[in-house]
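What follows is one structure encoded as structure tokens, with my remarks underneath.
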Amino acid sequence: MIIVMKKMLIALLVTASVFFTLVFTLGTIGRNNAEEFKVAMVTDFSDVNDGSFNQACYEGAKEWSRKHNITFNYYKPAGISPAERIKSMRLAIDRGYNVILCPGFALGEPISTVAPEHPNVQFIGLDISSLQLFDNVTVYNYHEEIAGYLAGYAVVKEGFRKLGFLGGQEYESIIRYGYGYIQGADDAANELGEHIDIDYVYGGQFFGDSDIHNYIYQWYKNGTEIVFSCGGSIYTSVALAAKENGGYMIGVDSDQAPIVDRDFAPGICITSAMKMIKKTVIDKLEMCYQGIPLEGGLQNLGLVSGEHVEENYVQLPLDDWRMENFTVDEYKELVNYLYNHEEAVSPDIHYKPGEVPVSEYTTIIPHDNIK
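Going by our numbering, the sequence shown opens with residue 94, and the numbers climb by one from there.
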């Protein structure tokens, strides 16, 4: 009996030793060494004032860092090549930053290059599907198809019948938004027994210009009522065209209504298909700071609650609800249904836009890329 108890005691001591060693190792850049905890963000194609993805990441990191009195800075590469992004990452690390935020698919190759060089630096990727993973890398992707579905369903229930989708470029996250949008709009049209049209195009870039504006302007001129703008600051061309034609738009990634209200006209942005980038950044930085290991590898974030919709990582904005025919209560019922029926929204993106399965009530009109 004594021998057995001794063996159990030894096992417990060994387990405790391993646990505390692990916690100590993971906590070396946490709150126990707060003065050494430094957060940097490296941008992709856009700046931190893009009104979309980069800005949400920046604001989350800035808010969290101020709360904890942690040094934070961001680095915008001098050019758009992987070499320039690698240079920015290495510069941040050389200056002592040991948690590197990497928002956007363009940072996959740089992470794959720099992460193995610095195993004690934590890399947090957002929206990256193609990269080489290491122990110090965790990437958070999103179920954009659910966010797109919610937006498409909502605006058709609200009363829109001639819809548009403008994607930046044909990357997985953009396609998931678009195909989810089609599914949601189609389901709503099917329930209502009303026919809808969806024009579908990619701009070929993630910023607005006269070519994008003129193209979308013609959509509105020809009767398009609302366009889902899905690609960074490309929304500027959509918002301007909507303003000029009395049309509407759907924002992306974050709640774009306030910035569209300010820079174009109040009320143009009906809703936004959001992935909670700011929430993700705050949650994951807090884990690092507390010495809690990140999950590692590729993680997909989506619906985590059917009842508390504000906790989900994909959602529509509730603070300034702008729809009248589709109510907040109906939205919450829809979220609860999707949470309990995972198969309701297909993540399959292997179709061409015009081949996405839809009911007899929906016509998809695919267009060649603008650029």
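C-beta atoms are modelled at their ideal positions from N, C-alpha and C, and glycine is treated no differently. These numbers come from a predicted model, not from an experiment.
Between the region 320-338 and the region 350-357 there are three or more inter-stretch CB-CB distances shorter than 8 Å, so the stretches are counted as touching. The beta carbons of Cys362 and Gly261 sit about 17 Å from each other, so the pair does not count as a contact at 8 Å. In this chain, the alpha helix (DSSP H) harbouring Ser303 covers Ser303 to Lys314. The C-alpha of Glu129 is placed about 43 Å away from the C-alpha of Leu259. In this structure, the beta-carbon distance from Tyr168 to Val449 does not fall below 8 Å.
In this structure, the alpha-carbon of Ser303 lies about 12 Å from that of Lys464. Tyr444 carries a coil assignment under DSSP once its states are collapsed to helix, strand and coil. Here Ser266 has Asp220 and Glu237 as same chain residues with Cβ atoms under 6 Å from its own Cβ, once five neighbours each way along the sequence are excluded.
For Ser365, the enclosing beta strand (DSSP E) starts and ends at Cys362 to Lys368. For the region 218-294, the full-length alpha helix (DSSP H) segments reaching 4 residues or more read 237-251 and 265-285 along the chain. Non-local C-beta neighbours of Met380 in its own chain, meaning closer than 7 Å and more than five positions away in sequence, comprise Leu387, ordered along the chain.
Rounded to the nearest angstrom, the gap between the Cα atoms of Gly245 and Val207 is 39 Å. Rounded to the nearest angstrom, the Cβ distance from Gln311 to Met369 is 34 Å, too far for a contact under 8 Å. Per the C-alpha coordinates, the member of Asn147, Gly339 and Met367 positioned closest to Ser139 is Asn147. A distance below 7 Å between beta-carbons, with the five flanking residues on each side excluded, links Phe357 to the following residues of its chain, in chain order: Ala332, Leu333 and Lys336. Leu184 places its beta carbon 8 Å or farther from that of Asp137. For Ser322, the beta-bridge partners assigned by DSSP are Leu259.
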